[in-house]
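Notes to accompany the following structure.
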DNA sequence: GGTGAAAGCGCG
DNA sequence: AAAGCGCGCTTTCACC
């Protein structure tokens, strides 16, 4: 019994009365049907257990009651939505598609040959591009005409073979072997992502409409522009002295600006703000309104909010660093001005939490920089950096820290980062080393073991060309520039990626605690959250370092404690007893606040 | 008429 | 024209 399989792979560790994995896939013997196989520690397998074509939810519910070690399946979003709809939640799974991606790329995994050979599992990072295969009741069946096959294999035999490959790969990882923890975190993320869509964000359509109307005027007829937008547009044209100026096309707008004597080189907001001209303030206002309308206007509302819920689709592992991406509705870009539309159901509250300075704290923990950990202990990290004497103001501290993590070289950041380097040498060495590796075209790896992609062929080609004897200055400068760019990417990768791992651990822990709450009986609150999540606190929103839980009133205080405890638990899970605390801003309210 | 790149801006 | 990372989405426009 290896340490990896025995304790770490389970997140969080638990006593399981049934310490076996349960793999599910399309049956090889019963065409069109599903089947399961149970696996034990020593590689033993049960015979195929047939699952009735329409009986997956029942099967899973029954087995789940026995607390299997993990469900093993190809692709969580192909299976889990239908289970939730049927009222069945699972505690833990192993998502083969996501885990394959991590293991195939991680340089910590010594035996990757078998995974690399399994090309059918190497899929594009974003499988949401095309419609997914239908989910239930024929789980993995193709629906005539409309859908395509899942992006990864789904037969039970393929599932079992891939799981074998992955277990070997996990065991072959270099010490300290944290990759199983990463796979557990990634897989619980896959469950959470589906659950978030299923439960939805409680959305107050009237409040959204009120915010839009206040800014833009009443909702216009389809195809027409809102009154306030038109009025501000006229103001801009008047100030430009150009009644026909086009404001929506950057090239045309630029010409109009030039004609009015504004020497701008682009029409981006920050550059326009540099110029003094009566047309500038209304133009900035116009751009603000136009953005609100096109990105989150009434059309967005019609398309994305149904029955009081906004249901975005999250894409775990959608970003190379391991952050989630989203698909549809722009879940990760909801403007703060619209946050008040996020509103708890009657009888419920929102418990919101965001982590203060997550990434620098993660950097302090993974680098073991005690001075940086101390700067953030029990207070605002930037205030602590000021107190340490490294920089003079909180603003400077922030610029310096961001510059350290992003690779800032010029301006304030270029001036301040060296001071940070003196005050926090261990933390800075970690990111500086990561940057140096990237500049040489190397690969870096997060705390738990997610590796960065190598530079592309073009990058390699430019470097090779620049090192040839006949290379000119232009080529050398170009090569240097893109080498530094890649260094900034790898510098940031280790921090952003490890922060994403912490966030997954935080949510995984929180999810488990939330489900231990007693459902609220009587009138069922949060009915629109579906059979699994109504009546009990559930995650409703996630944004990199921020969560919102939708909870019955009676549970709100306890939920806040659970969020806090989960953050500390995540810190311990990843970093042991590193003296870094992850501070939260916690808020309990009926609606999310702008800020 | 569809496709893809670029610009611009929202989020962390 | 961002300096300094990672994304998604809408609009415009050149091009096939």
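Residue numbers (this note's numbering): 258 to 852.
Cβ coordinates follow ideal geometry from the N, Cα and C atoms, glycine included.
Computed from a predicted structure; not experimentally measured.
So residue i is in the alpha helix (DSSP H); what residue range does that whole segment cover?
| i | result |
| --- | --- |
| residue 293 | Element bounds for residue 293: not the alpha helix (DSSP H) but the beta strand (DSSP E), 291 to 296. |
| residue 842 | Taken as a continuous stretch (DSSP letters only), residue 842 belongs to no alpha helix (DSSP H), being part of the beta strand (DSSP E) at 841 to 846. |
| residue 549 | 537 to 553 |
| residue 220 | What is shown of the chain runs 258 to 852, which leaves residue 220 out entirely. |
| residue 609 | Premise fails: residue 609 lies in the beta strand (DSSP E), 605 to 612, not in any alpha helix (DSSP H). |
| residue 751 | 730 to 771 |
| residue 689 | 682 to 696 |
| residue 719 | 714 to 723 |
| residue 527 | 526 to 529 |
| residue 376 | Element bounds for residue 376: n/a, residue is neither H nor E. |
| residue 662 | 651 to 663 |
Might you give, ordered along the chain, the residues of its own chain that have their beta carbon closer than 8 angstroms to the beta carbon of residue i, omitting 5 neighbours on each side?
| i | result |
| --- | --- |
| residue 705 | 435, 436, 438, 439, 442, 755, 758 and 831 |
| residue 292 | 281, 282, 283, 284, 285, 286, 305, 306, 307, 308 and 413 |
| residue 541 | 526, 529 and 530 |
| residue 360 | 366, 369, 372, 423, 426, 427, 436 and 440 |
Can you tell me whether residue i is buried or exposed? The criterion is at least 16 other CB atoms within 10 Å of its CB, across all chains shown.
| i | result |
| --- | --- |
| residue 667 | exposed |
| residue 266 | Low confidence applies here, because residue 266 scores a pLDDT of 36, under 50, leaving its location unreliable and the question unanswered by this model. |
| residue 411 | buried |
| residue 749 | buried |
| residue 362 | buried |
| residue 351 | buried |
| residue 702 | buried |
| residue 518 | exposed |
| residue 640 | exposed |
| residue 471 | exposed |
| residue 300 | exposed |
| residue 544 | buried |
| residue 731 | exposed |
| residue 397 | Note that residue 397 scores a pLDDT of 37, beneath 50, so its modelled location is shaky; the value from the coordinates is reported in the next line. When all chains shown are included, residue 397 counts as buried. |
| residue 652 | exposed |
| residue 315 | exposed |
In chain order, what residues of the same chain lie with their CB nearer than 6 angstroms to the CB of residue i, ignoring the 5 residues before and after it?
| i | result |
| --- | --- |
| residue 511 | 524 |
| residue 393 | Bear in mind that a pLDDT of 35 at residue 393, under 50, signals an unreliable position, so the model cannot answer this. |
| residue 615 | 756 and 802 |
Along the chain, where does the beta strand (DSSP E) that runs through residue i open and close?
| i | result |
| --- | --- |
| residue 351 | 350 to 352 |
| residue 796 | 795 to 799 |
| residue 809 | 803 to 809 |
Going by beta carbon distance, what residues of the same chain come within less than 7 angstroms of residue i, once the five residues before and after it are set aside?
| i | result |
| --- | --- |
| residue 681 | 626, 628 and 629 |
| residue 429 | 366, 367 and 368 |
| residue 618 | 633, 638, 837 and 839 |
| residue 333 | 350, 352, 447, 448 and 451 |
Can you check which of these residues, the options, is closest to residue i by C-alpha distance?
| i | options | result |
| --- | --- | --- |
| residue 459 | 602, 613, 762 and 619 | 602 |
| residue 817 | 829, 340, 804 and 765 | 804 |
| residue 279 | 416, 693 and 346 | 416 |
| residue 534 | 527, 283, 551 and 514 | 514 |
| residue 551 | 673, 505 and 520 | 505 |
| residue 624 | 650, 739 and 688 | 688 |
| residue 418 | 331, 496 and 571 | 331 |
| residue 486 | 473, 745, 747 and 341 | 473 |
| residue 591 | 670, 657 and 849 | 849 |
| residue 780 | 605, 319 and 496 | 605 |
| residue 708 | 763, 579, 610 and 813 | 579 |
| residue 828 | 657, 620 and 695 | 620 |
According to DSSP, residue i sits in a beta bridge with which residue or residues?
| i | result |
| --- | --- |
| residue 584 | 570 |
| residue 283 | 291 and 412 |
| residue 327 | 278 |
| residue 356 | Note: residue 356 sits in no beta bridge, so no partner. |
| residue 459 | 566 |
| residue 708 | 702 |
| residue 309 | Bridge partners of residue 309: none, in fact. |
| residue 599 | 460 |
| residue 366 | 430 |
| residue 676 | Per DSSP, none; premise fails for residue 676. |
| residue 302 | 296 |
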